[in-house]
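Here's the structure, in structure tokens; my notes come after.
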Amino acid sequence: MAAFYAPAAAAAPHATPTPLTSSRKHPIAMCHSPKLGGAGGNQRARLAASAASPQTRGALAPSTAAEQAAGPAPVNVDYLAAEFAGHGVSFEPLGRSCAVKMALSNGSAAHVLLPSGLVTSYKPAMWHGTVTEVLHTNVGEGPGGRAVIRGGVHVDLRFAGPGGWSPSGKWSLRDVRGNPTTSIEVTRARAAATVSITPPRIEEIELAAVAPGNAVEARCVVKLLPEALATELSATNSAASSSPMTLSCGVSNHLRVSTPDATYALGLQGSDYRTVEPALSEFSIIPPDYRAAPRQPAALHRWANKGFDMVLSPDDRGHGVSADEPDGEEDDDYKHMTDEMCRIYSQAPREFTIIDRGRRNSVCLQRKGFEDLYVFSPGSQYQWYGKYAFVVVGPAMLQPVVLRPGQTWQGGQYLRNPNL
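And the structure:
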């Protein structure tokens, strides 16, 4: 298969991050991060920061319960449209958020929500001449009763250490680049985002976020290509930082299916697996009766705050990855996802495929910079094509990495459409 991953300009040399010997006590997060733009991107980032609302500029400070209930500050959609419109990208207000819409001449389209950075839609062009939605989303109730879109593609990226931090919900648009006759890319980052011109056949947007005191920086580039949707991530511990930071990251792709009973994962045979509890965040979709294990509101809040860390750290019932030894080895190369299932696969292939025989559709997932794979199925007891007709797959880290001052980590994932 010809490689479709087109990285941006080469980054400055940096030391290789040091893996941890144990990952059980460190949080895992999901993030998208592109490389930093040049002078033009930096200038746009400064303009975007100056146009941000006071609450956005103050997002580096810990939010209060009232601020969490109220949700993010309204995004200045008019400014974004004036500064970044073109290249096949448009902007649409959605409550206090903004939907960044990308489209290519072959019909492929994707939507990214700011400031959450959530990819809420990906419609690739199909062999039959139309487009098909491959992501699954629901609208639920968030803090303070406000509406929250859940599902889609969510990056959970976290830094542990002095002043631990996550860019989740704090992404800003830094740059937009590309040509709608070829491809589009979007990059996300906390408090700043960059969209820049990419190689032919790509449209992209770049998002960025910076921790208080500029200690760490995260970048996420979302690229829309005729045959794929790419999420490229980077995280840097500032050279001026006085201490190492522990990084964990994972990406959840909620894929729409007819029913898990008609869905199969191809290519996992021979991979080690560990059975875990689902990773729960503000953007996760978990059926309330999943495994008939009711939880108290306090426990749900604890899960939402710890996100993917709940997959790694055992809870009071012994769930989670509590031992280095895997639970077993996958013996089925055509894994049926009909039953409730939540696993972390290790030594899994860099690319595998989800096939839905009901919708007669398939999606290939390719990852880079991640050693492990997260797979979740809610089971097949729910209505076909309904609220819980989905599966979740995505790259993950069982072993976080340590970023010393000046070091950078890079990773990415690519949802490839084999149906052209």
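Numbering of the sequence shown is given in our numbering, commencing with residue 708 and proceeding in unit increments. The beta carbon of each residue, even a glycine, is placed where N, CA and C say it ideally should be. None of the values given here were measured: they were computed from a predicted structure.
Can you give me the Cβ contacts of residue i inside the same chain, cut-off strictly under 6 Å, excluding the 5 residues immediately before and after it?
{"i": "V1099", "result": "S959, H961 and F1083"}
{"i": "D1022", "result": "Bear in mind that a pLDDT of 42 at D1022, under 50, signals an unreliable position, so the number given afterwards is only what the model happens to contain. Answer for D1022: no residue qualifies."}
{"i": "H818", "result": "A806, K808, T827 and S828"}
{"i": "E790", "result": "none"}
{"i": "C1049", "result": "V983, P985 and F1083"}
First and last residue of the alpha helix (DSSP H) that includes residue i?
{"i": "E790", "result": "V784 to F791"}
Go to residue i, then tell me how far its beta strand (DSSP E) extends in each direction, as first and last residue.
{"i": "L847", "result": "It should be noted that the sequence gives Gly, not Leu, for residue 847. First-last of the beta strand (DSSP E) with G847: T844 to E848."}
{"i": "R1074", "result": "N1068 to K1075"}
{"i": "R670", "result": "There is no way to answer for residue 670, as the model of the chain reaches only from 708 to 1127."}
{"i": "D863", "result": "V860 to A867"}
{"i": "V1131", "result": "Given that the chain is displayed from residue 708 to residue 1127, the structure contains no residue 1131 and the question cannot be resolved."}
{"i": "S959", "result": "M952 to R963"}
{"i": "R1111", "result": "No beta strand (DSSP E) holds R1111; DSSP gives it neither H nor E."}
{"i": "H818", "result": "A816 to L821"}
{"i": "P800", "result": "V796 to L801"}
{"i": "L811", "result": "Taken as a continuous stretch (DSSP letters only), L811 belongs to no beta strand (DSSP E), as it is neither H nor E."}
{"i": "M1048", "result": "M1048 to S1053"}
Just the Cα atoms here: how many angstroms apart are residue i and residue j?
{"i": "L767", "j": "W878", "result": "Residue placement at L767 cannot be trusted, given a pLDDT of 28 that sits under 50; what the coordinates show is reported in the next sentence. Distance between the alpha carbons of L767 and W878: 11 Å."}
{"i": "Y1041", "j": "A806", "result": "37 Å"}
{"i": "G1093", "j": "I992", "result": "13 Å"}
{"i": "S949", "j": "F866", "result": "15 Å"}
{"i": "N1068", "j": "W834", "result": "11 Å"}
{"i": "V964", "j": "D1063", "result": "6 Å"}
{"i": "G802", "j": "S823", "result": "13 Å"}
{"i": "E984", "j": "D1046", "result": "14 Å"}
{"i": "P1102", "j": "L1122", "result": "11 Å"}
{"i": "E939", "j": "T1060", "result": "20 Å"}
{"i": "L936", "j": "G885", "result": "14 Å"}
{"i": "T844", "j": "P951", "result": "37 Å"}
{"i": "S804", "j": "G1086", "result": "32 Å"}
{"i": "Y1081", "j": "S875", "result": "19 Å"}
{"i": "R853", "j": "D1039", "result": "43 Å"}
{"i": "Q762", "j": "E1058", "result": "Legend: pLDDT at Q762 = 30, less than 50; position of this residue unreliable, value from coordinates given subsequently. Whole-angstrom Cα-Cα distance: 41 Å."}
To which residues of the same chain is residue i closer than 7 Å at the C-beta, ignoring the five residues directly before and after it?
{"i": "G847", "result": "V855 and R857"}
{"i": "S815", "result": "K830, P831, A832, V838, L931 and P933"}
{"i": "H1043", "result": "Y971"}
{"i": "A969", "result": "D1063, R1064 and G1065"}
Assign residue i to one of three DSSP states: helix, strand, or coil.
{"i": "Y997", "result": "helix"}
{"i": "A969", "result": "helix"}
{"i": "G1101", "result": "strand"}
{"i": "G1065", "result": "coil"}
{"i": "P831", "result": "coil"}
{"i": "P919", "result": "helix"}
{"i": "G852", "result": "helix"}
{"i": "T839", "result": "coil"}
{"i": "S941", "result": "strand"}
{"i": "Q1117", "result": "strand"}
{"i": "I909", "result": "strand"}
Let's test the definition: count the other Cβ atoms within 10 Å of the Cβ of residue i and tell me whether it reaches 16, buried, or not, exposed.
{"i": "S812", "result": "exposed"}
{"i": "Q1117", "result": "buried"}
{"i": "G851", "result": "exposed"}
{"i": "R753", "result": "Summary for R753: the model assigns pLDDT 36, below 50, so the residue's position carries little reliability; its value from the coordinates is reported in the next sentence. That one is exposed."}
{"i": "A915", "result": "buried"}
{"i": "A792", "result": "exposed"}
{"i": "Q666", "result": "This structure leaves residue 666 out entirely; the chain is present only between 708 and 1127."}
{"i": "P919", "result": "exposed"}
Apart from the five residues on each side of it in sequence, which residues of its chain come closer than 8 Å, Cβ to Cβ, to residue i?
{"i": "S945", "result": "N921, A922, V923, E924, P1112 and G1113"}
{"i": "P1056", "result": "G974, L975 and S978"}
{"i": "N1012", "result": "Residue confidence is low: N1012 scores 45 on pLDDT, short of 50, so the model does not pin down where it sits. No coordinate-derived value is stated."}
{"i": "T953", "result": "L727, H733, F866, A867, G868, P1107, V1108, V1109 and L1110"}
{"i": "F990", "result": "S823, L825, V855, I856, R857, G858, G859, H861 and S959"}
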